[in-house]
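What follows is a single structure, written as structure tokens, with notes after it.
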Amino acid sequence: MKTEKAAKEVVKEIKGKIEDTKGLTVKKNEDFSEWYTQVVQKAELADLRYNVKGFLVFQPWSVMVMEKMYSYLEKTLQQKRHKPYFFPTLIPESNLKRESTHIIGFTPEVFWVTEGGDKKFEERLALRPTSETAFYQMFSLWIRSYKDLPFKTYQRANVFRYETKATRPFLRSREFHWIETHCVHATEKDAEKQVLEDMQTTKEVLHDVFGLPFIFFERPAWDKFPGADRTFAADVLNPDGRVVQQPSTHLLSQAFSKGFGVKYTGADGKENYGWITCYGPAVSRIFASVVIVHGDDKGLRLPWNLAPIQVVIVPIVDDPKVMEKADNLYHKLSSFSNVEIDMTNKSAGEKFNHWEMKGVPVRIDLGLKDIKEKSVTIFRRDTGEKKVIREENVLGYIKKLAEESGKILMRQADKVFDDLIINATDLKKAKQVIESGGIVRCGFCSIEKDGASCSDKVEESTGAKVRGRKFDEIGKTKTSGVCIVCGKPAKETVYIAREY
RNA sequence: CGGGCCGUAGUGUAACGGCAGCACGAGUCUUUUGGGAAGAUUUAGUCCGAGUUCAAAUCUCGGCGGCCCGACCA
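Per this note's numbering, the very first residue in the first sequence carries number 2; after that it's consecutive.
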């Protein structure tokens, strides 16, 4: 009995010690939820202790990464002729009401501003949950002629949604940071082209630069953006088999232009309503995906192009010769990368672990051995390899690394999707696939309103949701099967996955 | 918004209704440094408000905040 008690004490003591360490105490694929919480705190991405529910403080490391994300997104949008704006944060309630589906969809999550000083406003003002009803109010004043079209805008903004569900840092909080684009086109066809362009932008930036794998779906009728005619959304996959909705692009058609009077005079002198589209990459959530998709049991792994510090030089000993060589390297590398020398008084091992947690792509270790042998030791975070490189080859080696490191992370991430999509012909099988962390591909009666009841049954029996039809399969694959739920002939092939 | 759990130094954890303790961190000094160094020394805490009680971190109520699970979303 006594020994049992003593053993318990020892276990407790050891456990306490593990929890005190600065490293991650769980493996990503064993307890994903806990892993994510720890990375956010231990890599100092956000402080969750701000005293308003659902709001948090973004710390420098995440802010610097997100600044880079903004810059890639904005550069791409501007190349595609979107013009930047900053719109007000407040939107009068009457604006929100101008499109009926929109107001119904958003009302439950609006923060309202009702007074200024001690004076009550006659009309409530919304803290923008999204800015359609702010932009289109002005579009109606700005757009006169077909010569003004296409009218392509965007803004970087923080938006507010009164989420009722427990929030998760970066993935879901009551204030989040994004870019929203709003475009007016002369014809439906032009608007459709814009949606294609938005999807292409998503691929160019989120996949090719940030290394995130995703599938674009057309959402079913019951899951569209409030007020949209058609909604297309990219789902990024988490390692635990759940998907996260990332940028979505919407064909708003003419509902909003009619509500706000966004009209133009055509070449024929006749008045027409504009065709509106909008697109919303949520940078703070995209950041979450970068953390989740690339991170490992040691912490973050940042693609070269997103890392605030790309190369860190770690002097192993405090020795004048070592410091001189570190300075030397610093100046050479600064010409094409952000470099930092870790001068802290921590032990070598602790420095190594610290920078691995932060996800810095390249580390250079410098000690007396390297001085003697005219070499340096280079550690790369993407593959975990450590190599001794001759001094004269260092620059070339790191330049090459810079080019391929993002691609390596991208390829590693792309692979994840391969085995996860599994065909199913009945709900029992679908449930099995979902429970083993997969995504189901199956026949489905309809993604129009008449399919909603079958969708409810899918949710009921699998706990997962119908994500929609895969965009690049629309019209290409003939669906010959039957609906996985009702057994009627399947008009669509859809995908089913659990969601974050 | 419903159901469950929770709030003690910066962090993680102890204390039957009866002296709030331990570890890590942080500060200073010395010795160290090739995968989470050591000694000396200093530092700091019961979420907020009310109630019960001789006595509350502990019990009750309210507020604020967090975590998990469901309906909503980017």
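Cβ coordinates follow ideal geometry from the N, Cα and C atoms, glycine included.
Since we're looking at a predicted model, the values are computed, not measured.
The alpha helix (DSSP H) enclosing residue i, as first and last residue numbers
i              : result
glutamine 433  : 428-436
valine 41      : 33-43
isoleucine 342 : That residue, isoleucine 342, is in no alpha helix (DSSP H); its beta strand (DSSP E) goes 340-342.
leucine 197    : 189-203
aspartate 419  : 395-419
threonine 102  : 101-107
serine 348     : Unbroken run through serine 348: none, as it is neither H nor E.
isoleucine 293 : 284-295
Outcome for residue i when other beta-carbon atoms lying within 10 angstroms are tallied against a minimum of 16
i                : result
valine 114       : exposed
lysine 387       : exposed
threonine 494    : buried
aspartate 383    : buried
glutamine 80     : exposed
isoleucine 485   : buried
serine 174       : buried
tryptophan 143   : exposed
alanine 135      : buried
valine 11        : Since pLDDT at valine 11 reaches only 40, below the 50 mark, its modelled position is unreliable, and no value is offered.
proline 89       : exposed
tyrosine 280     : buried
valine 292       : buried
asparagine 96    : buried
glutamine 311    : buried
methionine 344   : exposed
proline 61       : exposed
lysine 352       : buried
tyrosine 51      : exposed
lysine 29        : buried
lysine 23        : exposed
glutamine 201    : exposed
phenylalanine 87 : exposed
threonine 4      : A caution first: threonine 4 carries a pLDDT of 38, below 50, which makes its placement in the model unreliable, though a value can still be read off. Looking at its Cβ environment, which holds fewer than 16 other Cβ atoms inside 10 Å, threonine 4 is exposed.
Which listed residue (the options) has its alpha carbon closest to that of residue i
i                 : options                           : result
isoleucine 372    : Val40, Ile390 and Asp383          : Ile390
aspartate 32      : Ala256, Asp298 and Val206         : Asp298
isoleucine 475    : Gln60, Asp48, Asp343 and Pro221   : Pro221
phenylalanine 261 : Ala289, His295, Ser174 and Ser101 : Ser101
glutamate 219     : Val206, Asp241, Gln247 and Leu213 : Gln247
valine 244        : Trp62, Lys430, Ser376 and Ala234  : Ala234
proline 130       : Glu164, Tyr137, Pro151 and Glu123 : Glu164
serine 406        : Phe380, Asp427 and Lys190         : Phe380
lysine 259        : Pro85, Lys69 and Ser141           : Ser141
leucine 334       : Gly397, Asp473 and Met358         : Gly397
glutamate 374     : Lys322, Lys416, Leu410 and His332 : Lys322
leucine 46        : Met358, Trp276, Val294 and Lys69  : Met358
histidine 186     : Thr202, His83 and Asp119          : His83
arginine 470      : Glu449, Thr108, Lys400 and Val318 : Glu449
aspartate 319     : Tyr331, Ser348 and Gly300         : Ser348
asparagine 273    : Trp179, Gly444, Asp149 and Met324 : Asp149
glutamate 393     : Val27, Lys326, Gln201 and Met65   : Lys326
proline 362       : Pro109, Leu410, Pro214 and Ser254 : Leu410
lysine 466        : Trp223, Ile277, Val395 and Thr232 : Trp223
Bridge-paired residues (DSSP) for residue i
i                 : result
isoleucine 1      : Summary: the structure shown does not reach residue 1, with the chain confined to residues 2 through 501, and so no result is reported for it.
threonine 278     : Cys184 and Leu252
histidine 178     : Asn159
glycine 117       : Lys120
asparagine 273    : Tyr265
arginine 243      : Arg499
aspartate 48      : Val58
arginine 381      : Val363
arginine 173      : Arg169
serine 146        : Thr266
phenylalanine 112 : Leu128
valine 53         : DSSP, once it has assigned bridges, lists no residue as partnering valine 53.
serine 483        : The sequence given here places valine at residue 483; serine does not occur at that position. Paired residue(s): Pro490.
The beta strand (DSSP E) enclosing residue i, as first and last residue numbers
i              : result
leucine 369    : Segment 369-374 is the alpha helix (DSSP H) holding leucine 369; no beta strand (DSSP E) there.
asparagine 424 : 422-424
isoleucine 317 : Careful: isoleucine 317 lies outside any beta strand (DSSP E) and carries neither H nor E.
proline 387    : Rather than proline, the amino acid found at residue 387 in this sequence is lysine. Segment 387-391, the beta strand (DSSP E) holding lysine 387.
arginine 231   : 231-238
glutamate 133  : Counting along the chain, glutamate 133 falls outside any beta strand (DSSP E), though it belongs to the alpha helix (DSSP H) covering 133-143.
glutamate 219  : 215-219
isoleucine 510 : No statement about residue 510 is possible, as the shown extent of the chain runs from 2 to 501 and does not include it.
isoleucine 92  : 91-93
Cβ separation of residue i and residue j, assumed to be a contact under 8 Å, to the nearest whole Å
i              : j                 : result
glutamate 133  : phenylalanine 211 : 26 Å between Cβ atoms; not a contact.
isoleucine 287 : leucine 207       : 7 Å
leucine 238    : leucine 421       : 7 Å
valine 160     : phenylalanine 177 : 6 Å
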